[in-house]
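Q:
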Amino acid sequence: MLRTLFIALLLALALAATSVIPAPVQAASASNEELKAALRALLKENPELIMEVLRDNSETVLEIAQQGSNVRRKKALIAQWQVDQTQPKKANLEGRPMRGPANAPVTIVAYSDFTCPYCQQAAGTMELLMANYKDKVRYVFKHMPLDSHDNARLASEYHVAASLQDGKKAWAFYEAVFRDRERLMSEGEAFLKKAAAEAGVDMKRLTQDIKGKKVKEIIEEDMAEARALNVQGTPYFLVNDLVIRGSLPLDLFSDAVDMALEAAAKAKK
Numbered sequence: 044m045l046r047t048l049f050i051a052l053l054l055a056l057a058l059a060a061t062s063v064i065p066a067p068v069q070a071a072s073a074s075n076e077e078l079k080a081a082l083r084a085l086l087k088e089n090p091e092l093i094m095e096v097l098r099d100n101s102e103t104v105l106e107i108a109q110q111g112s113n114v115r116r117k118k119a120l121i122a123q124w125q126v127d128q129t130q131p132k133k134a135n136l137e138g139r140p141m142r143g144p145a146n147a148p149v150t151i152v153a154y155s156d157f158t159c160p161y162c163q164q165a166a167g168t169m170e171l172l173m174a175n176y177k178d179k180v181r182y183v184f185k186h187m188p189l190d191s192h193d194n195a196r197l198a199s200e201y202h203v204a205a206s207l208q209d210g211k212k213a214w215a216f217y218e219a220v221f222r223d224r225e226r227l228m229s230e231g232e233a234f235l236k237k238a239a240a241e242a243g244v245d246m247k248r249l250t251q252d253i254k255g256k257k258v259k260e261i262i263e264e265d266m267a268e269a270r271a272l273n274v275q276g277t278p279y280f281l282v283n284d285l286v287i288r289g290s291l292p293l294d295l296f297s298d299a300v301d302m303a304l305e306a307a308a309k310a311k312k
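Heads up, the sequence shown stops at 312 in my numbering, and the numbers go up one at a time, no gaps.
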């Protein structure tokens with residue numbers, strides 16, 4: 044009975060707040076205050092009602108909380124991106140394999156680690172993003188292998204060595220490793236060799252290149268660049284000058300691309 048009364052009072056408050064029926068403002072205000080007073084009195088005498096209603100509607104409560112969190116996060120990101128636009132950032136793209144047209148108005152640069160689960164998640168998001176924006180976006184993958192991850196550096200070396208042979212083969216290797224990241228973690232170099240061979244990489248040349256200076260120089264350049272950008276973890280993205288830390292859902296990533304596209308269009312005028 045009390046629970047029913049509690050819900051009825053809440054509904055009455057909601058209807059009063061959203062009512063479109065004309066009524067004197069003072070009367071509406073008084074009615075709201077009476078409902079609030081009744082609700083306060085009921086809860087003061089029966090505080091357990093709150094927990095009971097929350098338990099019975101836990102999924103709805105969590106959904107509302109998540110929606111509020113998402114709204115706050117989006118507002119915070121947009122505010123950050125507006126600042127980012129005033130702080131140009133430069134990444135060295137020379138010799139790095141890329142997807143998308145070279146003259147695309149938006150360039151996304153990833154600083155990533157093949158062993159990182161969030162980087163794996165972000166790789167899937169990037170695939171969807173590239174499909175949605177087509178010739179408006181190009182994507183460049185750079186390396187930030189973390190010392191705490193076994194095989195992270197070795198996976199980067201394999202990818203860079205593959206890219207020295209053929210960009211398409213390097214991307215095929217990239218897809219294979221992120222698709223089966225768990226195998227990289229469990230099988231190590233044996234999996235990397237298999238993935239590279241299946242991507243069509245010349246394994247003899249790859250073995251030689253991994254031992255050479257060029258592969259190490261490229262990785263060290265990427266890592267130094269990440270440090271200069273104050274990258275604290277992976278994945279980390281530049282969307283033109285906008286910064287994305289971590290693996291954002293597709294809708295928020297799309298918001299960043301849209302903002303970057305708008306800024307690029309204004310810069311052309």
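The beta carbon of each residue, even a glycine, is placed where N, CA and C say it ideally should be.
Just so we're clear, the structure is a prediction, and the values are computed from it rather than from any experiment.
What's the gap between the Cα of ALA306 and the Cα of GLN128?
A: Counting from one through the sequence shown, the residue named residue 306 turns up at place 263. Counting from one through the sequence shown, the residue named residue 128 turns up at place 85. One alpha carbon belongs to ALA306, the other to GLN128, and they sit about 8 Å apart.
Q: Out of ILE287, LYS185, LYS237, LEU293, which has the shortest C-alpha to C-alpha gap to GLU263?
A: For this step, residue 263 is matched to residue 220 along the sequence shown. Measuring from the Cα of GLU263, the nearest candidate turns out to be LYS185.
Q: Give a yes or no on whether the C-beta atoms belonging to ILE121 and ASP298 are separated by under 9 Å.
A: Your numbering for residue 121 matches position 78 in the sequence shown. Your numbering for residue 298 matches position 255 in the sequence shown. Yes, Cβ-Cβ distance for ILE121 and ASP298 is below 9 Å.
Q: Run through DSSP, which three-state label would ASP298 get?
A: By one-based count along the sequence shown, residue 298 stands at place 255. The three-state secondary structure of ASP298, taken from DSSP, is helix.
Q: Quick check on DSSP: helix, strand or coil for HIS202?
A: Taking the sequence shown and counting its residues from 1, one reaches residue 202 at position 159. Note: HIS202 maps to helix in three-state DSSP.
Q: How close, in whole Å, do the beta carbons of ALA204 and PHE157 come, if the pair is a contact with beta carbons under 8 Å?
A: Counting from 1 along the sequence shown, the entry for residue 204 is found at position 161. Counting from 1 along the sequence shown, the entry for residue 157 is found at position 114. About 13 Å separates the two Cβ atoms, so there is no contact after all.
Q: For ALA166, which residues from the same chain have a beta carbon less than 6 Å from its beta carbon, with the 5 sequence-adjacent residues on both sides left out?
A: Position 123 of the sequence shown, counting from 1, holds the residue named residue 166. Taken in chain order, the residues that qualify are PHE221.
Q: Mark ARG248 as exposed unless 16 or more other C-beta atoms lie within 10 angstroms of its C-beta, in which case mark it buried.
A: Along the sequence shown, one-based indexing puts residue 248 at 205. Looking at its Cβ environment, which holds fewer than 16 other Cβ atoms inside 10 Å, ARG248 is exposed.
Q: Which residues bound the alpha helix (DSSP H) around THR168?
A: Reading the sequence shown from its first residue, position 125 is the one you call residue 168. For THR168, the enclosing alpha helix (DSSP H) starts and ends at 160–176.
Q: May I ask you to verify whether the region 280–291 touches the region 128–142, counting CB pairs closer than 8 Å and requiring at least 3?
A: In this structure the region 280–291 touches the region 128–142; the number of beta carbon pairs closer than 8 Å is three or more.
Q: What are the boundary residues of the alpha helix (DSSP H) that includes ARG270?
A: On the sequence shown, position 227 is the one that residue 270 refers to. Per DSSP, ARG270 belongs to the alpha helix (DSSP H) from 256–271.
Q: On a CA-only basis, which of CYS162, ASP245, LEU172, LEU171 is nearest TYR201? Give me that one, please.
A: Taking the sequence shown and counting its residues from 1, the one referred to as residue 201 is at position 158. Ranking the options by Cα distance to TYR201, first place goes to ASP245.
Q: Less than 8 Å between C-beta atoms, sequence neighbours within five positions excluded: which residues of the same chain meet that for MET173?
A: Along the sequence shown, one-based indexing puts residue 173 at 130. If we look at MET173 and ignore the five residues flanking it on each side, its Cβ neighbours are ARG142, GLY143, VAL180, TYR182.
Q: So ALA242 and ALA215 are in contact, right, with Cβ under 8 Å, and what is the actual spacing, rounded?
A: The count along the sequence shown starts at 1 and reaches residue 242 at position 199. The count along the sequence shown starts at 1 and reaches residue 215 at position 172. With 8 Å as the limit, ALA242 and ALA215 qualify as a contact, their Cβ atoms being about 4 Å apart.
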